[in-house]
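The structure appears below as structure tokens.
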Amino acid sequence: MAILLYCLKMPYYNKINTKIQKRCVKIAKSLVDMPNGKNKHFSFIFRRTKLLSIGWNNYEKTHPMTVEYGYRGRTIHSEMMALLNIRRIERFTNCYLVNVRINSKYELRMSKPCLNCVKLLKSHGIIDIYYTNHLGKFEYVRYR
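Whatever position you read off the sequence shown (first residue = 1), add 29 for my numbering.
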């Protein structure tokens, strides 16, 4: 089943402030040993400026939602873990996701969510996503 995505790319500075960017990068670098695989992806869910949840890739666990949303393999992506780490199910109105990927040299790399993660986030009402690109800069995309 093909997913039709309408996305609008905007400069990152239109919505997310530099303070939040730096905060996410600092937290990601401090947690770089947490993901147990090669890829060090971190996802942060915010409501305005309040950090609600943090997630990272887990290559040893799985969850029933992985099948529901079409993930392959026995992994939990950072976006899913961030959603699962929110203790209370709440409405995600005015929430957005920030994705950061750190390589072995502690450099920022591409962390755009996969299509399955986009489908998962959209189903929970999160359509505004910020992610690091291959140049280490933040980009913004809104999925409708």
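Beta carbons are placed, not taken as given, at the ideal position from N, Cα and C, and that holds for glycine.
These numbers come from a predicted model, not from an experiment.
- Secondary structure note for T47: it is in no beta strand (DSSP E), and the uninterrupted alpha helix (DSSP H) holding it is 47-59.
- Counted as a single uninterrupted DSSP element, the alpha helix (DSSP H) harbouring L112 occupies residues 107-113.
- In the structure shown, L149 adopts helical secondary structure according to DSSP, grouped into three states.
- In the DSSP assignment, C124 falls within the beta strand (DSSP E) that extends over 124-131.
- Per DSSP, H70 is one residue of the beta strand (DSSP E) stretching across 69-76.
- A direct Cα-to-Cα measurement between S133 and I158 gives close to 24 Å.
- In the DSSP assignment, S82 forms a beta bridge with I74.
- Residue pairing by DSSP places Y100 opposite no residue, since no beta bridge is assigned to it.
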